[in-house]
Amino acid sequence: MNKVDKIRSQYQQKVKISAAGQHIFRDCLRAFWVGGAICAFGEALNAFYRFLGADVERSGLFTSVSLIFLACFFTAIGWFDEAARYAGAGTLVPITGFANAIASPAIDAKREGLVTGMGAKLFLVAGPVILYGTSLSVLYGLILYLLRLFGADLPEV
Amino acid sequence: MNYLMSFIFGGLICAVGEFLILKTALTPARILVGYVCTGVVLGAAGVYGAFTDLAHSGATVPLTGFGYLLAKGVYRAVTEEGLSGVLTGGLKAASGGISAAVIFGFLAGLFGFGYPQGSGKKSQFAIYKR
Chain A
1 MNKVDKIRSQ
11 YQQKVKISAA
21 GQHIFRDCLR
31 AFWVGGAICA
41 FGEALNAFYR
51 FLGADVERSG
61 LFTSVSLIFL
71 ACFFTAIGWF
81 DEAARYAGAG
91 TLVPITGFAN
101 AIASPAIDAK
111 REGLVTGMGA
121 KLFLVAGPVI
131 LYGTSLSVLY
141 GLILYLLRLF
151 GADLPEV
Chain B
158 MNYLMSFIFG
168 GLICAVGEFL
178 ILKTALTPAR
188 ILVGYVCTGV
198 VLGAAGVYGA
208 FTDLAHSGAT
218 VPLTGFGYLL
228 AKGVYRAVTE
238 EGLSGVLTGG
248 LKAASGGISA
258 AVIFGFLAGL
268 FGFGYPQGSG
278 KKSQFAIYKR
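Chains A and B, in that order, give the protein sequences.
Counting in our numbering, the first sequence runs from 1 upward without gaps.
Counting in our numbering, the second sequence runs from 158 upward without gaps.
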């Protein structure tokens with residue numbers, strides 16, 4: 001990064017922080033009610049799948065998959081972005097954000113080709129999420145395994 | 158009661174995320190990564206399991222729940238199969254969600270459309286760089 005870029009990014013950072021200060025409570029409240037509503041809807045889906053006879057694990061999976069499907073669908077028709085502009089982290093922090101982070105760059109990169117375009121850009125945000133999540137979980141597994149070799153243990157997850 | 162708990166705790170987790178985006182240098186993309194990592198760490202510490210009993214979907218639907226799923230998968234796999242579980246447990250537990258997101262995201266990319274020309278908006282992905 002050259003000097004001009006660096007100064008520009010510092011400037012943008014300052015603008016972002018000072019502009020955000022005015023609406024911080026309003027924006028957090030929006031994130032709260034939309035994020036809470038998505039989680040409550042997830043709970044309803046969960047109850048529905050339990051009612052259909054799925055066990056705890058499966059109903060959790062089906063709930064995630066349903067939310068992911070809905071997020072991708074609404075991204076595809078362009079509604080998700082509108083919601084995310086209103087709710088911010090309220091739509092991005094639930095699993096819907098993970099789905100949108102895959103679908104939205106895929107839509108953007110379609111004209112760049114199917115392999116190095118959409119195929120690669122699909123993972124712009126999801127890639128780091130999977131990378132660091134998996135790395136941490138492997139590190140945790142290694143610690144757990146070694147501790148058990150020496151007779152110690154970690155709390156049950 | 159489960160719905161209320163899901164709403165309150167899920168909402169709180171999202172509000173904290175919004176606060177971090179507004180007040181710190183964390184972009185939404187970094188928030189997603191940070192939340193998953195937090196979930197793995199809290200899951201490994203044995204805290205998040207108790208939290209899911211309290212908050213239900215308010216704990217499992219946010220991305221911290223995704224991290225918790227990774228930790229839970231590793232714990233189970235190491236307990237059942239030993240050393241190989243270190244590598245297989247995490248992604249095995251998260252495989253359903255990841256596959257669904259990749260497949261539906263791919264379909265969205267194939268059949269979805271961006272903003273029409275002249276609408277002034279170019280990219281739905283822009284929110285991640287804000």
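From the three backbone atoms N, C-alpha and C, an ideal C-beta is built for every residue, glycine too.
With the cut-off set at 9 Å, would you say residue i and residue j are in Cβ contact?
i: A/I95; j: B/G200; result: no
i: B/G215; j: B/V198; result: no
i: A/G151; j: B/P185; result: no
i: B/T217; j: A/G60; result: yes
i: A/C28; j: B/F176; result: yes
i: A/V138; j: B/Y232; result: no
i: A/F62; j: A/L45; result: yes
i: B/S256; j: A/S104; result: no
Going by DSSP in three states, residue i sits in which element: helix, strand or coil?
i: A/P94; result: strand
i: A/P155; result: coil
i: A/I118; result: In the sequence under discussion, the amino acid at residue 118 of chain A is Met, which differs from the Ile named in the question. Of the three classes helix, strand and coil, the one that applies to A/M118 here is helix, per DSSP.
i: B/G203; result: coil
i: B/M292; result: Within the shown structure, residues of chain B are numbered from 158 to 287, placing residue 292 of chain B beyond reach of any answer.
i: B/A250; result: helix
i: A/N162; result: Missing from the structure shown is residue 162 of chain A; chain A here goes from 1 to 157 and no further.
i: B/L183; result: coil
i: B/G269; result: coil
i: A/G113; result: coil
Which residues mark the beginning and the end of the alpha helix (DSSP H) in which residue i is found?
i: A/G35; result: I24 to F51
i: B/Y232; result: L220 to E238
i: A/Y81; result: First, the residue type needs correcting, since residue 81 of chain A is Asp and not Tyr in the sequence shown. That run of the alpha helix (DSSP H) goes W79 to A87.
i: B/L282; result: Strictly speaking, residue 282 of chain B in this sequence is Phe, with Leu absent from that position. No alpha helix (DSSP H) contains B/F282, which DSSP labels as neither H nor E.
i: A/R148; result: A126 to L149
i: A/F74; result: V56 to A76
Less than 8 Å between the CB atoms is what I'm expecting for residue i and residue j, so what's the real figure, rounded?
i: B/I170; j: A/G35; result: 7 Å
i: B/L248; j: A/F98; result: The pair is not a contact, with the Cβ atoms about 15 Å apart (cut-off 8 Å).
i: A/L136; j: B/V243; result: Actually they do not touch by this definition, with Cβ atoms about 12 Å apart.
i: B/V193; j: A/V129; result: 5 Å
Closest to residue i by C-alpha separation, out of the options, would be which residue?
i: A/G78; options: A/I107, A/V93 and A/F69; result: A/I107
i: B/F164; options: A/R26, A/C72, A/I130 and A/W33; result: A/W33
i: A/L70; options: A/E57, A/N100 and A/A47; result: A/N100
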